[in-house]
Amino acid sequence: MSKTITVMNQQIEELINQLKTFNLPVFEDDLAEDEEKEFLEKGYNFFIYETGDMFKNDDLKTISQDIAVYYYSENRDDLDEQTVKIIQALSNIKLLSLVRTQKQRLKRKDTDSYVDRIVFIYNRKIVIPGCVAL
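Residue numbering for the sequence shown follows my numbering, beginning at 1409 and increasing consecutively.
Structure, rendered in structure tokens:
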């Protein structure tokens, strides 16, 4: 495996490990239908992360990729505080930088209740050794 792939895998592994320090489940891309049923009963409190498109950088030696982390939270009053804690937990991952966060309220289907979702948009830089142009 190339060094670049190893570093990319380490970044994701570290991201997952840091999210797990909040004692919540972490999923890649989305929830399976059977997993969602569990949260319908127990409440929506978990993370989902997904990697996005890659694009070249002006330095011609790196590419960038967006990574989205979704924090689903139900029945919490300290979302701003939790947001800061999550940002702090992910701040030491090499070549990963926060772009922005976005707060959303999602209505639960067929109910009058809501689930909060905080979207963390990160950008990771991927070094491509020997790359002059993509």
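Here a beta-carbon is modelled for each residue, glycine too, at the ideal position from N, C-alpha and C.
How should residue i be labelled, buried or exposed, when 16 other C-beta atoms within 10 angstroms of its C-beta is the threshold for buried?
{"i": "Phe1463", "result": "exposed"}
{"i": "Val1507", "result": "exposed"}
{"i": "Val1477", "result": "buried"}
{"i": "Leu1379", "result": "No answer is possible for residue 1379: it lies beyond the span of the chain, which begins at 1409 and ends at 1542."}
{"i": "Leu1498", "result": "buried"}
{"i": "Leu1423", "result": "buried"}
{"i": "Gln1418", "result": "exposed"}
Under 7 Å Cβ to Cβ from residue i, same chain only, skipping five residues before and after it: list those, please.
{"i": "Asn1483", "result": "Gly1451"}
{"i": "Thr1429", "result": "Ala1497"}
Since residue i and residue j are thought to touch, with beta carbons under 8 Å apart, how far apart are those beta carbons, to the nearest angstrom?
{"i": "Tyr1479", "j": "Ile1494", "result": "6 Å"}
{"i": "Ile1529", "j": "Lys1511", "result": "At roughly 13 Å, the Cβ-Cβ gap does not stay under 8 Å, so Ile1529 and Lys1511 are not in contact."}
{"i": "Lys1469", "j": "Ile1534", "result": "Going by Cβ atoms, the distance from Lys1469 to Ile1534 rounds to 10 Å, so no, they are not a contact pair."}
DSSP three-state call for residue i: helix, strand or coil?
{"i": "Thr1509", "result": "strand"}
{"i": "Phe1430", "result": "coil"}
{"i": "Ile1475", "result": "strand"}
{"i": "Leu1504", "result": "strand"}
{"i": "Ile1420", "result": "helix"}
{"i": "Thr1519", "result": "coil"}
{"i": "Asp1486", "result": "coil"}
For the beta strand (DSSP E) holding residue i, just list the boundary residues, first then last.
{"i": "Glu1458", "result": "1454-1464"}
Cβ of residue i versus every heavy atom of the ligand COA: is any distance shorter than 7 Å?
{"i": "Ser1481", "result": "The ligand COA is not among the ligands present in this structure, which contains no ligands whatsoever."}
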